[in-house]
Amino acid sequence: MWREYRCYRRALLLALSLVLPVRAASLPAPQEVSIPLPGAGVFGSTLDMPALLYRPAGDGPFPVLLFSHGRAGSTAERHQLKYPLGRSQLAYWLDKGFIIVAPIRPGYGSTGGGDPEYHSAHMLAPGQCSGQPDFRHTAEAGGAAVQAAIRWIGQQPWGAGQPIVLEGQSVGGLLTVAVGATTPPGVIGYINFAGGAGGNPEKSPGQSCEPEQLTRLYGELGRHTTLPNLWIYAENDQYWGPDEPVAWHQAFAAGGSPTRFVHAPAVADGDGHGLSRHPAANWAAYLDAFLRDLPATARRAPGPSSQP
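Read left to right, the sequence shown gives residues 50 to 357 (our numbering).
See the structure below:
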């Protein structure tokens with residue numbers, strides 16, 4: 050077990066030390082790939098989930114960053130998704146020598162597959178929810194796509210045996226926390242940017258749908274999480290407000306996970322929820338510290354296992 054993690058640490062440290070800066074204005078074009086998602090198609094068939102793959106300069110081997118996008122409020126916006134993560138994030142991870150894999154999950158873009166992540170409720174007015182949301186369903190449905198991407202990475206010549214870091218934005222952050230609790234093979238840590246579900250800043254700014262349900266769910270996930278993880282929320286997150294993310298993380302951390310919470314300063318344009326899409330000056334220092342500690346911290350986590 051320790052031998053495998055020593056290999057992961059060497060690969061990660063090599064990537065962090067032998068890379069050249071990438072300018073956001075000169076990012077490489079992505080490679081379009083397809084990830085099979087069994088059971089997500091019509092009548093239980095396999096659905097091909099499109100993904101964008103970005104490679105850093107050099108010959109590798111490279112660690113892998115698997116990014117999980119958020120969820121737009123309308124069906125039309127969800128179907129328009131083409132680029133899951135922003136240019137500042139791309140430049141940051143390519144600078145660090147990571148291969149980036151960014152799937153477009155079922156219900157988004159041109160993937161198809163209906164809307165499996167819908168939690169069956171929405172905001173009607175400030176603090177008023179249309180019904181009982183099922184956030185566990187969202188985490189499980191979206192998490193299945195993330196797990197499929199992890200398996201696919203492990204089957205690629207450039208991904209087999211390489212350390213994987215997960216990162217998610219908004220609903221993608223929730224999925225990342227849920228998947229991290231399963232300790233998937235090859236994953237050595239994760240980053241949750243503004244993770245949650247059930248918000249609508251137009252109809253209910255700063256107040257989401259039954260946030261106490263997420264407190265309970267995150268608390269349960271924290272009891273099963275051994276991977277190092279970092280949670281980052283801006284103080285002016287217009288979906289969740291400043292207080293609920295703190296309560297969510299406190300419930301999660303009570304389970305003993307090696308975790309850190311960062312309340313980043315308010316974003317000047319008011320889009321605190323979109324912190325990960327803002328310039329790296331708003332968040333890079335937190336990620337730098339996490340990555341520096343990750344090789345040593347990862348020794349506390351189990352090595353890659355036979356878990357699905």
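Just so you know, even glycine gets a beta-carbon here, dropped at the ideal spot from N, CA and C.
Legend entry - Under the three-state DSSP convention, the category Gln-181 falls into: Here Gln-181 sits in coil by DSSP.
Inset, instruction - Report yes if the CB atom of Ile-153 is closer than 8 angstroms to the CB atom of Pro-133, and no otherwise. - result: yes
Legend entry - Three or more C-beta pairs below 8 angstroms linking the stretch 309–326 and the stretch 253–269: no
Inset, instruction - Could you work out which residue in Gly-235, Gly-319, Val-113 and Ala-174 is closest to Leu-276 when comparing CA atoms only? - result: Gly-235
Legend entry - DSSP three-state assignment for His-312, whether helix, strand or coil: strand
Inset, instruction - Just mark Gly-210 as buried or exposed, buried being the case when its beta carbon has 16 or more other beta carbons within 10 Å. - result: exposed
Legend entry - Inter-residue Cα distance where the pair is Arg-326 and Val-220: When only Cα atoms are considered, Arg-326 and Val-220 end up about 15 angstroms apart.
Inset, instruction - Taking 8 angstroms as the threshold, find out whether the stretch 327–345 comes into contact with the stretch 290–306 through three or more Cβ pairs. - result: no
Inset, instruction - Confirm, please, whether the CB-CB distance from Ala-246 to His-322 is below 8 angstroms. - result: The Cβ atoms of His-322 and Ala-246 do not sit closer than 8 angstroms to each other.
Inset, instruction - Kindly indicate which residue of Leu-114, Lys-131 and Val-113 has the alpha-carbon position closest to the one of Pro-155. - result: From the listed residues Leu-114, Lys-131 and Val-113, the smallest Cα separation to Pro-155 is found for Lys-131.
Inset, instruction - Assign Asn-331 to one of three DSSP states: helix, strand, or coil. - result: helix
Inset, instruction - Could you name the residues that DSSP lists as bridge partners for Pro-85? - result: Asp-97
Legend entry - Among Ser-123, Ser-117, Phe-310 and Leu-102, the one whose alpha carbon lies nearest that of Ala-190: Ser-117 is the residue among Ser-123, Ser-117, Phe-310 and Leu-102 whose C-alpha sits nearest the C-alpha of Ala-190.
Legend entry - Own chain partners of Trp-142 with C-beta closer than 6 angstroms, once the 5 adjacent residues on each side are dropped: The residues are Leu-114 and Ile-149.
Inset, instruction - Mark Val-34 as exposed unless 16 or more other C-beta atoms lie within 10 angstroms of its C-beta, in which case mark it buried. - result: As displayed, the chain neither begins before 50 nor continues past 357, which places residue 34 out of reach and without an answer.
Inset, instruction - Going by CA-CA distance only, name the one from Ala-296, Gly-161 and Tyr-103 that's closest to His-128. - result: Gly-161
Inset, instruction - Rounded to whole angstroms, what's the CA-CA distance from Gly-88 to Glu-251? Just pull it up for me. - result: Cα to Cα, the separation comes out at about 35 angstroms.
Legend entry - Residues bridged to Gln-80 (per DSSP): Leu-102
Inset, instruction - To the nearest angstrom, report how far apart Arg-185 and Thr-95 are at their CA atoms. - result: 23 angstroms
Inset, instruction - Give the DSSP bridge partners of Tyr-282, in chain order. - result: Bridge partners of Tyr-282: His-312.
Inset, instruction - Ignoring anything shorter than 4 residues or poking outside the stretch 238–296, list the alpha helix (DSSP H) runs there in chain order. - result: 260–271
Legend entry - Cut-off 7 angstroms between Cβ atoms - residues of its own chain near Gln-262, not counting five sequence neighbours on either side: Pro-182 and Phe-184
Inset, instruction - Report yes if the CB atom of Glu-126 is closer than 8 angstroms to the CB atom of Leu-101, and no otherwise. - result: no
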